[in-house]
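Enquirer:
Residue numbers (my numbering): 246 to 586.
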């Protein structure tokens with residue numbers, strides 16, 4: 246069977262309710278978060294943890310949120326688990342499914358994940374494909390930063406209000422719905438649903454950043470859907486106040502990771518203002534003047550982003566593969582640590 250080898254980063258959210266397995270001593274090396282890159286360049290993220298001496302875990306695959314893994318087994322240095330997956334590599338029409346157990350072992354300090362995927366097409370002559378991914382361990386989360394010790398550098402205007410200088414599609418093979426109009430970044434697509442995949446492209450900065458404070462305004466129609474990816478990895482959700490997507494997927498959320506304390510979004514068609522401060526993997530979110538997330542740890546990447554490596558710099562990415570959206574007044578202040586840090 247054909248195979249592909251890709252270096253990958255993988256992380257996940259600790260999720261209760263996973264079937265459990267008593268931890269054997271040799272399984273200790275699997276504990277922690279692992280970051281992967283899928284064959285199409287999208288992120289995957291796995292976390293193995295233990296609770297009361299029992300193994301549990303969850304997995305994020307390409308898009309969506311991290312979900313529990315099932316039927317965890319450990320024998321002869323191999324960790325196996327179930328997680329039913331359907332995905333569309335490169336965002337194309339062909340659907341791949343993973344229904345057999347995934348297997349993992351440790352090799353030279355990395356986690357090798359072996360899986361088999363099947364093409365979901367009755368007319369397809371493709372054979373099942375075995376894939377091997379090599380994941381790098383993500384360092385444990387740092388302590389909550391003292392934001393009083395944080396200073397900011399000079400403000401950077403990421404959008405000049407006139408053209409797309411400094412911006413590009415994250416995937417040049419996608420359709421480009423972006424243009425500049427009346428001082429705004431405008432994205433137009435025919436898409437009106439909340440599906441994870443779309444034909445149009447996401448827009449990213451050419452520059453990459455580490456920790457920063459980002460100020461940005463957005464405007465989505467009723468039932469609109471976009472997102473602002475910090476370092477191309479953590480998505481601040483962009484939907485209207487009355488969107489069907491609420492809570493951990495609603496206005497002010499870090500999608501699939503952190504639920505805001507309240508819905509501070511405005512109705513569709515109105516302008517909203519975000520101030521997003523990212524320091525040491527902790528996020529503070531101020532939406533329309535209300536602090537809805539206060540210096541909380543982001544467990545790991547968001548599906549649909551560019552990477553899963555919490556330690557890497559990355560761009561600001563604006564989601565354009567969903568519905569129409571407008572952005573303006575995009576400014577970033579890089580963080581400088583003081584006080585001897």
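The beta-carbon is built from N, C-alpha and C at its ideal position, and this holds for glycine as well.
Taking the beta carbon of residue 323 as the centre, do at least 16 other beta carbons fall within 10 Å, making it buried, or is it exposed?
Expert: exposed
Enquirer: Can the beta-carbon of residue 540 be found closer than 8 Å to that of residue 529?
Expert: yes
Enquirer: Output needed for residue 276: all residues of its chain with C-beta closer than 7 Å, excluding positions within five of it in sequence on either side, in chain order.
Expert: 293, 294, 295
Enquirer: Say whether the region 450-467 touches the region 491-504, bearing in mind that this needs 3 or more beta-carbon pairs closer than 8 Å, one atom from each stretch.
Expert: no
Enquirer: Going by DSSP, what residue range makes up the beta strand (DSSP E) through residue 429?
Expert: 429-432 is the extent of the beta strand (DSSP E) around residue 429.
Enquirer: Report yes if the CB atom of residue 319 is closer than 8 Å to the CB atom of residue 272, and no otherwise.
Expert: The answer is yes: Cβ separation under 8 Å.
Enquirer: Considering only the beta carbon of each residue, do residue 425 and residue 570 sit closer than 8 Å?
Expert: no
Enquirer: Taking just the CA atoms, how far does residue 470 sit from residue 309?
Expert: Between residue 309 and residue 470, the C-alpha separation is close to 14 Å.
Enquirer: Considering only the beta carbon of each residue, do residue 566 and residue 419 sit closer than 8 Å?
Expert: yes
Enquirer: Enumerated in chain order, which unbroken segments of the beta strand (DSSP E) with a length of 3 residues or greater are wholly contained in the region 428-467?
Expert: 429-432, 448-450, 457-464
Enquirer: Taking contact to mean 3 or more Cβ pairs, one atom from each stretch, closer than 8 Å, check whether the region 481-495 and the region 441-454 are in contact.
Expert: no
Enquirer: Would residue 531 and residue 395 be called neighbours here (beta carbons separated by less than 8 Å)?
Expert: no
Enquirer: Output the distance between the C-alpha atoms of residue 376 and residue 286, rounded to the nearest integer angstrom.
Expert: 14 Å
Enquirer: How long is the line joining the alpha carbons of residue 468 and residue 408, rounded to whole angstroms?
Expert: 27 Å
Enquirer: Do the CB positions of residue 316 and residue 331 come within less than 8 Å of each other?
Expert: no
Enquirer: At the level of alpha carbons, what is the spacing between residue 579 and residue 463?
Expert: 21 Å
Enquirer: Are residue 577 and residue 401 touching if we call contact CB-CB under 8 Å?
Expert: yes
Enquirer: Just tell me which of 311, 381, 555, 434 has its CA closest to the CA of residue 475.
Expert: 555
Enquirer: With the cut-off set at 8 Å, would you say residue 450 and residue 412 are in Cβ contact?
Expert: Against a cut-off of 8 Å, the Cβ pair of residue 412 and residue 450 comes out as a contact.
Enquirer: Along the chain, where does the beta strand (DSSP E) that runs through residue 538 open and close?
Expert: 535-542
Enquirer: Taking a contact to mean a Cβ-Cβ separation below 8 Å, would you say residue 477 touches residue 414 in this structure?
Expert: No, Cβ-Cβ distance for residue 477 and residue 414 is not below 8 Å.
Enquirer: Under the three-state reduction of DSSP, which class applies to residue 575: helix, strand or coil?
Expert: strand
Enquirer: Does DSSP classify residue 271 as helix, strand or coil?
Expert: helix
Enquirer: Please identify the residue among 340, 326, 357 whose C-alpha is closest to the C-alpha of residue 364.
Expert: 340
Enquirer: Taking the alpha-carbon positions, what's the residue 526 to residue 560 distance?
Expert: 15 Å
Enquirer: Look at the alpha carbon of residue 568 and the alpha carbon of residue 448, and state the distance between them as a whole number of angstroms.
Expert: Their Cα atoms are separated by approximately 13 Å.
Enquirer: Using the three-state DSSP reduction, which class does residue 362 fall into: helix, strand or coil?
Expert: strand
Enquirer: Between the alpha carbons of residue 433 and residue 491, how many angstroms are there, rounded?
Expert: 23 Å
Enquirer: State the DSSP-derived secondary structure class of residue 327, mapped to helix, strand or coil.
Expert: strand
Enquirer: Taking the straight line between their C-alpha atoms, what separation do you get for residue 535 and residue 485?
Expert: 15 Å
Enquirer: So for residue 506, helix, strand or coil by DSSP?
Expert: coil
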